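Read through the structure below, which is laid out as structure tokens, and then see the notes.
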Amino acid sequence: MAEKEKTSSSQPRISGWLRSGLNTMLVPALAVLTAMIVGGIVIALAGGNPFAAYAGLIEGSFGSLNAISETTVWATPYIFAGLAVAFGFKGGLFNIGAEGQLAFGAVMAALVGYGLPLMGVDLPAVVFVPLTVVAGIIAGGIWAAIPGWLKAKFGGHEVINTIMMNYIALNITSYLLNGPMKDNNPLNVVARTPLIAESARISTVFPDYRFHWGFILALLVAVLIWFILWKTTLGFEIRTVGTNPDAARYAGVNVSNIIIITMVISGALAGMAGSIEVTALNYRHELGFAVGYGFDAIAIALLGKNHPAGVVLASLLFGAMRNGATRMQFNTQIPVDIISIIQALILLFVAADAIVRYIYHIRIQQDRLVLTRGWGG
Amino acid sequence: MEWKRFGFIAFIIVALFSIVVLIGQARDPIPTIIISMAATTISVATPLTLGALSGVFSERAGVVNIGIEGMMLTSAFFGWFGAIYFNTILKFEAMPSLILGVVIAVLAGALMGLLHAALSITFKVDQVIGGTVINILAIGITGFFNRQLFFEKNSIFGGNVPHAPGTLPSVGQVPFLANVPILSNLQPIAILAIVLVFISTFVLFRTRWGLRTRAVGEHPRAADTVGINVSFMRYVNVIISGCLAGLAGAYFTLESVPSFEPLMTNGRGFISLAAMIFGNWTPLGAWAASLVFGAAQALQINLQFYRELIPPSLSLLQYPYIVGLTPYILTMLILTGIIGRTVSPAADGQPYEK
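Protein chains in written order, with our numbering: chain X, 1 to 377; chain L, 1001 to 1354.
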């Protein structure tokens, strides 16, 4: 221990950072590798060729400029939703409700985006785009504030409450998209909203590619979240409540308030994932679009070690896998669902890092991530 | 369970029944409506009852199990696949195929239980994360194999979903049970679930095994000191928990409907955890709480029959999506503890370090 401190202090800071960064990434990287190997075995057992499958996966995700552009398109909502879950974890809260917050954010963004012009309000894009995005942010924040408040006030466990809010969001969106908000176009049979106004849309960065400014925005938001968590008093209080709520209370932190604020910011980020998908990609909300993001976001947050930079990298990886899966299925007829298995295995090996450490004989110890604490709250 | 909680449960069930009776009485006699509601309530409460029992066993031994949802989904798929495999490929009769399907579902649940036990007991993974891993893995596995086995041309079924051997018949087919109201409408897993509630109560509170289980969940160190093998007790109870979740899974594809849909468990595993908490980690309390959720779901189902009788002033009740919110809102309400707080086993969620 003493020796380790000596060497790190005698070296330049940048190199120290690099080394600790690489050490931090070692276990997640090996977890991904192990998951890919096990996934390959599953593919082989199912009668496929794992090498052809992974070649297709890489070709589909990075094989051309368009493939790379599509990977960023897939990664964008993952960054927002992953940041949402990671932010919750930092405050000691397990937000499994990103899916519902995302869906509710997307619905509200769509409502503002197509509803205001119908009411005769004609806004320039400079105002209309931010307004639409903010509508989703607020909706997501409110959706997460409810379980946050229930936790702070009554100790109702956020794991179950955020899941219940997912189902409530799903039911309400089903009702809205099949009823009052349904696209009335006579050719439409799907539960979806009308298209949002042109002036409410976020544009692409280059013509001919779907790579859009929402991705750049996601990177900026990741920096902002890093700043909030590590450079502000609020962030310090959130992290203190996350690691030791009793100590935080003793130090004079209003723990109940911090719980609610953490949930609101977390939900706002998930809501932003929804509103960016509406304003920059789909230009409407469609039922079933939000399914699966909540659980993927948990895997991304854990893979990224709850750090914004890690979340961005993990999102790119997950985005690449989702994007490349279509090409893989086209080339090798292996169902895209194999990606869900690989992602679950990644989560498994990241969570149970003891397995990875055992397989690869890693001795570098790191601080245990404190994530949740039973039902006690 | 104290009177306040029982009173609340009775009140909610009566209120939910009353809504259907008030709307439906214009067409059907009141006893018919009540019997129909009661049978639906008990039937749809089945996976919740079994899920809550699953939670009770795991958490009484000190292991939080939020993977019940995933265990149910996995078992629902493999039980269904097993029944079809025996029926279509091995040419078994429908009834033996269904029973073997249930066995396979329970085994699949046991395997998932074993995985959760290994993660939380041996590898000391954060138990809520371990449960989440199981939930995500279940979605991936069932989605992948559903596509691979039933929708791929080179699969054993040749690319089309074979005809399922139906669902388990109601016990009304047994001659001397045919005229018993409510009971004659119920199917085997629903009845088995009720029997298991009483067996679980006996096992947990009247046997040495139950005493040891509770000791391991309340104070593992003390249990260890008197020579109880903490890891072994936890492993076995989490596997029992998986078996019960597996039986709950069998309900979905072998008793309720003869088909499998991705994500078909629809949050029942999580609602059963709320039932377990509200029932204060006891089998009887968990069953009573499950019936509340069952009644809420029965409301949605039965209101569909009387859709055109719903008065315009209550037009929101016409929308299944809106009525469908009831179980979820009830869950959140119950978890606030306004109807009385419950206390979890003291060592619930904590890995035991020797």
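Virtual Cβ for every residue (Gly too), placed ideally from N, Cα, C.
For clarity, every value in this text was computed on a predicted model and none was experimentally measured.
| Check | Outcome |
| --- | --- |
| Using C-beta distances below 8 angstroms, list every residue in its chain close to valine 129 (chain X), excluding the 5 sequence neighbours before and after it, in chain order. | Ser199, Ala200, Arg201, Ile202 and Thr279 |
| What residues are listed by DSSP as bridge partners for glutamate 286 (chain X)? | X:Arg192 |
| Give a yes or no on whether 8 angstroms exceeds the smallest Cβ distance from phenylalanine 330 (chain X) to chain L. | no |
| According to DSSP, histidine 212 (chain X) sits in a beta bridge with which residue or residues? | X:Thr204 |
| Out of X:Leu187, X:Gly115 and X:Leu302, which one is the CA nearest neighbour of valine 27 (chain X)? | X:Leu302 |
| Using the three-state DSSP reduction, which class does glutamate 1069 (chain L) fall into: helix, strand or coil? | helix |
| The alpha helix (DSSP H) spanning methionine 1332 (chain L) covers which residue range? | 1326 to 1335 |
| So leucine 348 (chain X) contacts chain L; which residues on that side make the cut at Cβ distance below 8 angstroms? | Leu1119, Val1133 and Leu1137 |
| Between the alpha carbons of tyrosine 358 (chain X) and asparagine 1302 (chain L), how many angstroms are there, rounded? | 55 angstroms |
| Cβ closer than 7 angstroms: which chain X residues qualify as neighbours of glutamine 1148 (chain L)? | Ala46 and Pro335 |
| Of all the options X:Ile300, X:Ala44 and X:Val107, which has the alpha carbon lying nearest to the alpha carbon of proline 180 (chain X)? | X:Val107 |
| So the alpha helix (DSSP H) histidine 1116 (chain L) belongs to, where does it begin and stop? | 1094 to 1117 |
| Between the C-alpha atoms of isoleucine 1013 (chain L) and alanine 84 (chain X), what's the straight-line distance to the nearest angstrom? | 38 angstroms |
| Verify the CB distance criterion: does threonine 1265 (chain L) have a CB-CB separation below 8 angstroms to chain X? | no |
| Kindly indicate which three-state DSSP category methionine 181 (chain X) falls into: helix, strand or coil? | coil |
| Within a Cβ cutoff of 8 angstroms, which residues of the same chain sit near proline 1096 (chain L), ignoring the five residues on either side of it in sequence? | Phe1086 |
| Taking C-beta pairs closer than 9 angstroms, name the residues in chain X that methionine 995 (chain L) reaches, listed in chain order. | The requested residue 995 (chain L) does not occur in the structure, where chain L is confined to residues 1001 to 1354. |
| Sort L:Arg1341, L:Leu1273, L:His1163 and L:Phe1017 by Cα distance to tryptophan 1080 (chain L) and report the nearest one. | L:His1163 |
| Applying the criterion that 16 or more other CB atoms from any shown protein chain within 10 Å of the CB defines a buried residue, is valine 1106 (chain L) buried or exposed? | buried |
| Go ahead and label arginine 361 (chain X) buried or exposed: buried means 16 or more other beta carbons lie within 10 angstroms of its beta carbon, across all protein chains shown. | What sits at residue 361 (chain X) in the sequence shown is histidine, not arginine. Classification of histidine 361 (chain X): exposed, given that the 10 Å Cβ count is below 16. |
| Out of X:Gln343, X:Lys305, X:Pro335 and X:Thr326, point me to the one whose CA is closest to serine 318 (chain X)'s CA. | The question names serine, but residue 318 (chain X) is phenylalanine in the sequence shown. Closest option to phenylalanine 318 (chain X), Cα to Cα, is X:Gln343. |
| Is alanine 301 (chain X) close to chain L? Criterion is C-beta to C-beta, closer than 8 angstroms. | no |
| I'd like to know if glycine 376 (chain X) contacts chain L, where contact means its C-beta is closer than 8 angstroms to some C-beta of that chain. | At glycine 376 (chain X), the pLDDT of 49 sits below 50, so the modelled position is not reliable; the number obtained from the coordinates is stated separately. Answer yes: the Cβ-Cβ gap between glycine 376 (chain X) and chain L drops below 8 angstroms somewhere. |
| Any idea what DSSP makes of tyrosine 1319 (chain L), helix, strand or coil? | coil |
| Between alanine 1328 (chain L) and methionine 164 (chain X), how many whole angstroms is the CB-CB distance? I'm expecting something under 8 angstroms. | Reading the sequence as shown, one finds tyrosine at residue 1328 (chain L) and not alanine. Yes, they are in contact, since the Cβ atoms of tyrosine 1328 (chain L) and methionine 164 (chain X) sit about 4 angstroms apart, within 8 angstroms. |
| Say whether the region 1104 to 1123 of chain L touches the region 1051 to 1063 of chain L, bearing in mind that this needs 3 or more beta-carbon pairs closer than 8 angstroms, one atom from each stretch. | yes |
| With 9 angstroms as the limit, tell me which residues of the region 1286 to 1305 of chain L have their beta carbon closer than that to any beta carbon of chain X; keep them in chain order. | none |
| Strictly below 7 angstroms CB to CB, what residues from chain X border leucine 1325 (chain L)? | Ile168 and Asn171 |
| Mind listing the chain L neighbours of isoleucine 341 (chain X)? Cutoff is C-beta to C-beta under 8 angstroms, in chain order. | Leu1137, Gly1140, Ile1141 and Phe1144 |
| Distance, Cα to Cα, arginine 1214 (chain L) vs alanine 1223 (chain L)? | 9 angstroms |
| I'd like the list of long-range same chain contacts for isoleucine 1182 (chain L), defined as Cβ closer than 8 angstroms, with 5 residues on each side in sequence excluded. | Ile1035, Ala1038, Ala1039 and Ile1042 |
| Using the Cα positions of leucine 1090 (chain L) and isoleucine 1156 (chain L), report the straight-line distance between them to the nearest angstrom. | 12 angstroms |
| Rounded to the nearest angstrom, what separates alanine 1298 (chain L) and isoleucine 1189 (chain L) at their Cα positions? | 18 angstroms |
| Sort X:Leu170, X:Ile43 and X:Tyr54 by Cα distance to valine 1323 (chain L) and report the nearest one. | X:Leu170 |
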